[in-house]
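Colleague:
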Amino acid sequence: MIALRLHPDKQSAAQALARETADLIGLRSESGKPTVLGLATGSTPLPLYAELIRLHREERLSFRTVITFNLDEYEGLGPAHPQSYRRFMEEHLFRHLDIPSGNIRFPDGLAKDPAQECAAYEAAIRAAGGIDLQILGIGRTGHIGFNEPPSAVESRTRRVRLDEVTRRDNAVFFDEPTAVPHRALTMGVATILEARRVELLAFGAAKADIVARAVRETPSADCPATWLQRHPACTFHLDAASASKL
Ligand code: PGA
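Residue numbers for the sequence shown follow our numbering, beginning at 993 and rising by one.
Here it is in structure tokens:
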């Protein structure tokens, strides 16, 4: 069952979700526990990250007890590469916070043995106690993370080929469209479904069709976001435009 939450605009959604994230971090750190966040890249979560930075700067929200696992990384791009997701997160979030660098985890896009790297990533998530709160975007193909169709509900962190629609959509971040990698390492659908809470963000008319499919279609590998219907605590944060086809 997917809960739908309609916000006046993406800024309001960012404020609401940043506040909930801050509350979770506060509650867990009071009882001496770390907070494990699953994080996403793309344009959609940027207002959320800006709001978390504001809470850190203006309201002294500390990230010292936070551990993060990002959903995915392009194959072949190292942490210093300008288009790597590691670098994206550094610029838009991590370098503005007091999170210890050792608490920031990514699949290694340069791993010599991707299968072993992916197994190690799964093990690291488990060793951290599992993900408390997973932030997600949704691609026009229905992907969550880089789980392109078809992605099975049992899928785990693995090496994947990117859909051409996704490569075109993500080309805006690259100097030229051909520079977008063809492959990536991504958490699997099963990995995402194990998070205790899932908060998916989708705004604007371009996401209306895929949001309607994700919410309404019978869950299947053809639209990986439909698997979220099986999650016990998943909320879609929408605006009027992205919710217009529901
Ligand atoms: P976007 O990407 O936030 O740039 O729209 C979302 C996604 O592909 O998951």
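Glycine included, C-beta positions come from ideal geometry on N, C-alpha and C.
1. How should Ala1171 be labelled, buried or exposed, when 16 other C-beta atoms within 10 angstroms of its C-beta is the threshold for buried?
2. If you draw a straight line from the C-alpha of Leu1230 to the C-alpha of Leu1154, how long is it?
3. Looking at His1135 and ligand 1, is the gap between the Cβ and the nearest heavy atom below 7 Å?
4. Ligand 1 and Gly1131: does the residue's C-beta get closer than 7 Å to at least one heavy atom of that ligand?
5. Drop a sphere of 10 angstroms on the beta-carbon of Val1164, count the other beta-carbons inside from all chains shown, and report buried for 16 or more, exposed for fewer.
6. Going by the CB atoms, is the gap between Ala1182 and Ser1147 shorter than 8 Å?
7. Measure the alpha-carbon distance for Met993 versus Ile1136 and round it to whole angstroms.
8. Looking at the unbroken alpha helix (DSSP H) that takes in Glu1018, where does it start and where does it end?
9. Take every Cβ of the stretch 1109-1120, pair it with every Cβ of the stretch 1058-1078, and state whether three or more of those distances are shorter than 8 Å.
10. Say the cut is 7 Å; is the CB of Ser1035 nearer than that to a heavy atom of ligand 1?
11. So if DSSP puts Cys1215 in a beta bridge, which residue, or which two residues, is it bridged to?
12. Take Tyr1066 and list the residues in its own chain whose beta-carbon comes closer than 6 Å to its own, dropping the five residues that flank it on each side.
13. For Arg1150, is the classification buried or exposed, using 16 other Cβ atoms within 10 angstroms of its Cβ as the cut-off for buried?
14. Bridge partners for Phe1061 per DSSP, in chain order?
15. Where does Gly1068 land, buried or exposed, given buried means 16+ other C-beta within 10 angstroms?
16. Is it the case that the Cβ atoms of Ser1054 and Asp1090 are separated by a distance below 8 Å?
17. May I ask you to report which of helix, strand or coil DSSP gives Gln974?
18. When we look at the beta-carbon of Leu1185 and count the other beta-carbons within 10 Å, is it buried (16 or more) or exposed?
19. On a Cα-Cα basis, can you pick out the residue from Ala1116, Arg1020 and Phe1166 that is closest to Pro1074?
20. Should Thr1178 be labelled buried (16 or more other beta-carbon atoms within 10 Å of its own) or exposed?
21. For Arg1159, I'd like the list of residues in its chain whose CB is within less than 6 Å of its CB, leaving aside the five on either flank, ordered along the chain.
22. Tell me the rounded alpha-carbon separation between Pro1169 and Arg1222.
23. According to DSSP, simplified to helix, strand and coil, what is Arg997?
24. Could you tell me the distance, in whole angstroms, from the CA atom of Gly1134 to the CA atom of Leu1038?
25. Three-state secondary structure (DSSP) at Ile1202?
Modeller: The answer reads as follows:
1. Exposed.
2. CA-CA distance, Leu1230 to Leu1154, rounds to 25 Å.
3. Taking non-hydrogen atoms of ligand 1 into account, the C-beta of His1135 is found less than 7 Å away from one of them.
4. It does: the Cβ of Gly1131 is within 7 Å (strictly closer) of some heavy atom of ligand 1.
5. Taking all protein chains in view, the Cβ of Val1164 is surrounded by fewer than 16 other Cβ atoms within 10 Å, so the residue is classified as exposed.
6. Yes, they are a contact pair.
7. Going by the C-alpha atoms only, they are around 17 Å apart.
8. This sequence places Gly at residue 1018; Glu is not what is there. Lys1002 to Glu1022 is the span of the alpha helix (DSSP H), which, as asked, contains Gly1018.
9. The stretch 1109-1120, when compared against the stretch 1058-1078, does touch it at the 8 Å Cβ threshold.
10. Look at Ser1035: its beta carbon is less than 7 Å from one of the heavy atoms in ligand 1.
11. In DSSP, Cys1215 forms a bridge with Ser1212.
12. Correct list, in chain order: Gly1101, Pro1173 and Ala1176.
13. Arg1150 sits buried, since 16 or more C-beta atoms from the chains shown fall within 10 Å of its C-beta.
14. Residue pairing by DSSP puts Phe1061 in a beta bridge opposite Gly1030 and Arg1097.
15. Result: exposed.
16. Against a cut-off of 8 Å, the Cβ pair of Asp1090 and Ser1054 comes out as a contact.
17. In the structure as shown, the chain begins at 993 and stops at 1238. Residue 974 is therefore absent and cannot be evaluated.
18. In the assembly as shown, Leu1185 is a buried residue. Its beta-carbon has 16 or more other beta-carbons within 10 Å.
19. Of Ala1116, Arg1020 and Phe1166, the smallest CA-CA separation from Pro1074 is found for Phe1166.
20. Looking at its Cβ environment, which holds 16 or more other Cβ atoms inside 10 Å, Thr1178 is buried.
21. Beyond the five residues adjoining it in sequence on each side, Arg1159 comes within less than 6 Å, by CB distance, of Val1172 in the same chain, given in chain order.
22. Near 35 Å, if we compare the C-alpha coordinates of Arg1222 and Pro1169.
23. Arg997 falls in the strand class under three-state DSSP.
24. When rounded, the separation of the alpha-carbon atoms in Gly1134 and Leu1038 is 20 Å.
25. Helix at Ile1202.
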